[in-house]
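K.L.:
Numbers in this note's numbering are just positions in the sequence shown, counted from 1, shifted up by 73.
Mind looking over this structure? Questions follow.
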Amino acid sequence: MTSDSRPPAAEDETRSTSESENPAIASPKPKAHAPLKNQDWWPEQVDVSMLHAQSSKSNPLGADFDYAEEFKKLDVEALKRDIFDLMTTSQDWWPADYGHYGGLFIRMSWHAAGTYRIADGRGGGGCGAQRFAPLNS
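Written out as structure tokens, the structure is:
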């Protein structure tokens with residue numbers, strides 16, 4: 074008997090199996106669950122996966138569309154002027170900050186890029202989408 078009137082503990086009872094080396098605290102158990110997805114939060118959402126199907130039937134430009142040839146027809150200088158006008162023409166329904174929409178565009182891009190999720194590779198600025206329902210990004 075020990076000094077406190079208890080029998081000595083068996084070898085197995087004193088061996089620590091805890092990473093903390095404290096027999097009162099159990100070792101952490103690895104979790105085998107996956108991160109939550111949009112389907113977990115909104116189980117009744119409409120399945121829009123078929124909208125991402127790549128088929129010649131879903132291509133409005135046609136099978137014989139030549140992107141390089143069509144790009145050569147583009148008036149790049151006119152496009153630059155249009156973009157400048159868009160960025161500097163303030164609208165009553167959303168006034169531009171200090172007469173320019175550049176700050177807003179940068180902020181929205183920052184928000185889109187900040188939604189990238191490493192766990193499942195979703196979100197991010199690659200699609201111009203933000204990870205908020207109902208975008209299903």
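For each residue, glycine too, the CB sits at the ideal point set by N, CA and C.
Taking C-alpha atoms, which residue in ILE179, TRP167, MET160, HIS184 lies nearest to HIS173?
P.N.:
Here the closest residue by C-alpha is MET160.
K.L.:
For ASP170, does the three-state DSSP call read helix, strand or coil?
P.N.:
ASP170: strand per DSSP, three-state reduction.
K.L.:
How is the alpha helix (DSSP H) around VAL149 delimited, first residue to last?
P.N.:
149-161 is the extent of the alpha helix (DSSP H) around VAL149.
K.L.:
How long is the line joining the alpha carbons of TRP166 and ALA185, rounded to whole angstroms?
P.N.:
Roughly 23 Å separates the two Cα atoms.
K.L.:
Once the 5 residues before and after HIS192 are set aside, which same chain residues still bring their CB inside 6 Å of it?
P.N.:
A small fix is needed here, since residue 192 is Ala in this sequence, not His. Excluding residues within five positions, the ones whose Cβ falls inside 6 Å are PRO108.
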